[in-house]
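Step one of this worksheet: look at the structure below.
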């Protein structure tokens, strides 16, 4: 490579021209806001119609704990194999785990070898796997919360914050506008047209913060200016996306503005209580026991107790259990020797076993025949995929370029922000479970999450930004 490579200017400001980048970000936010007003403003026709709630199917009783153990063992083994194959193909290991989960469902194994599928994953096992999957999902959200560090924003926190807001608002607006014509075909049985459109915008605004950390590590970008800006923007963008999802869930639960405000008010009160009471108490505990650790069983009980207590609290107030688990991760001090290696070991166990069970539960609910058998669903999914890529890649790239980054690095930031990974799967699973999207819509959006994540590494190589030789050994990031 000839000349000076600005990728290695780690000591420079994240955006060399912050004022110009800030102006472009504010302009994009304004455009996104105007587009949303056109969709939902006074006199605008509300997309879609509310449908009758879905009926709950009966759950068959468990027949054998051995069959459940067999299913978990097969899922874990295939997920490990998928991770190895993905790394050899130059993809994050989580991509292989996601694909392995999808292959276990009706899209592949269920269609090609129904007898084998019935042996490994009989119908009555699905509810039990779902319980394990939800536990794994809660622990995953805890690890996501622990990774977010507001102190890392540094001196350019305002510029980075506004940039992240624009990188969220633009794909949100594009997704919502693109979803309007397809609301009748893509919305779930329990969703009003408004709730579905807002959910579609939220789904497209997500960036896979944990997967992005792993991609940056494997690409040797962690210690670069590009990597620092990407991880900060992704972290803030995910916080904004989770807040948007909480509002959509509150709307779906409450069904009225007053109910939404009540749910969000209770959620805000819980966040305030955790910030002012729980987090300081945990920090005091860590300081008091700085010289010694809690016994491993006590530390594990403390971590899991807080995760599931806050998950239950947020579920009770109507904003889903995943937000409580995320809040638990934020509440724990990042460097707490009192807990020893318990959080890291819990995360490792979760990545090896429970998170693959979550992917398998997603695979059991993903059926490509539902998408490819309905042209309108397939067309709607294609439109949302284009909107997702243009929204993230375009907004991030333009803001970075306006902020003084060279074109190659600005495009690289857009590519990184376009990865959606596990975070997108979590959002989609939540929407399907609440009836906001149909099974066919869920399938095409899961494929969108896979495609946007798999695009990242090849695009970085194409831009000359993928250099594993720069990578340094680090503690493994959550997948």
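Numbering (the working numbering), first residue to last: 15 to 493. Idealized CB from N, CA, C, for every residue including glycine.
Please name the residue, chosen from the options, that lies closest to residue i on a Cα-to-Cα basis.
i	options	result
residue 293	140, 431, 341	341
residue 185	422, 114, 410, 406	406
residue 387	455, 139, 106	455
residue 326	348, 297, 281, 364	281
residue 155	401, 133, 440, 288	440
residue 209	41, 197, 220	197
residue 338	429, 100, 189, 152	152
residue 465	442, 373, 433	433
residue 191	46, 389, 372	46
residue 366	33, 30, 36, 96	96
residue 316	346, 336, 288, 332	346
residue 319	436, 330, 343	343
residue 299	351, 134, 254	351
residue 83	133, 428, 417, 41	133
residue 105	225, 419, 260	225
residue 370	114, 120, 171, 201	114
residue 86	392, 416, 373, 393	373
residue 147	444, 471, 467, 470	444
residue 124	382, 177, 264, 272	382
residue 250	238, 311, 222	222
residue 189	400, 33, 361	400
residue 389	200, 137, 118	200
residue 160	328, 395, 321, 335	321
Just curious, the alpha helix (DSSP H) that residue i is in, first and last residue?
i	result
residue 328	310 to 330
residue 114	107 to 117
residue 209	207 to 218
residue 479	Where residue 479 is concerned, there is no enclosing alpha helix (DSSP H), given that its DSSP letter is neither H nor E.
residue 182	171 to 193
residue 238	Unbroken run through residue 238: none, as it is neither H nor E.
residue 125	123 to 126
residue 356	356 to 363
residue 146	139 to 161
residue 567	Nothing about residue 567 can be reported from this structure: the residues present for the chain run from 15 to 493 only.
residue 380	That residue, residue 380, is in no alpha helix (DSSP H); it is neither H nor E in DSSP.
residue 431	421 to 431
residue 418	Neither: residue 418 is in no alpha helix (DSSP H) and is coded neither H nor E.
residue 276	271 to 287
residue 298	293 to 302
residue 228	223 to 233
residue 344	335 to 345
Residue i bridges to which residues according to DSSP?
i	result
residue 201	451
Applying the criterion that 16 or more other CB atoms from any shown protein chain within 10 Å of the CB defines a buried residue, is residue i buried or exposed?
i	result
residue 426	buried
residue 290	exposed
residue 480	buried
residue 75	Unreliable positioning characterises residue 75 in this predicted model, as indicated by a pLDDT of 48, which lies under 50. A coordinate reading is not provided.
residue 478	exposed
residue 79	exposed
residue 475	exposed
residue 473	buried
residue 107	buried
residue 128	exposed
residue 349	exposed
residue 410	buried
residue 173	buried
residue 102	exposed
residue 243	buried
residue 228	buried
residue 8	Examination of residue 8 is not possible in this model, given that the chain is present from 15 through 493 alone.
residue 271	exposed
residue 98	exposed
residue 126	exposed
residue 417	buried
residue 239	buried
Answer with yes or no whether the minimum CB distance from residue i to chain B is below 9 Å.
i	result
residue 283	The chain inventory of the structure shown lacks chain B, comprising one protein chain alone.
Any chance the CB of residue i is under 8 Å from a heavy atom of the ligand PLP?
i	result
residue 451	In the structure shown, the ligand PLP is absent, as is every other ligand, since no ligand is present at all.
Open item on the list: Could you check whether the segment 394 to 411 touches the segment 206 to 220, counting it as contact only if at least three pairs of C-beta atoms, one from each stretch, sit closer than 8 Å?
Closed with: yes
Task: Segment contact, 8 Å Cβ cut-off, at least three pairs: the segment 371 to 380 with the segment 442 to 460 - done: yes
Task: Inter-stretch contact (C-beta, 8 Å, three-pair minimum) for the segment 350 to 361 and the segment 294 to 314 - done: yes
Open item on the list: Across the segment 220 to 235 and the segment 446 to 455, are there enough close Cβ pairs to call them in contact, namely three or more that are closer than 8 Å?
Closed with: no
- [ ] Report yes or no: do the segment 250 to 260 and the segment 176 to 183 share at least 3 C-beta pairs separated by less than 8 Å?
- [x] yes
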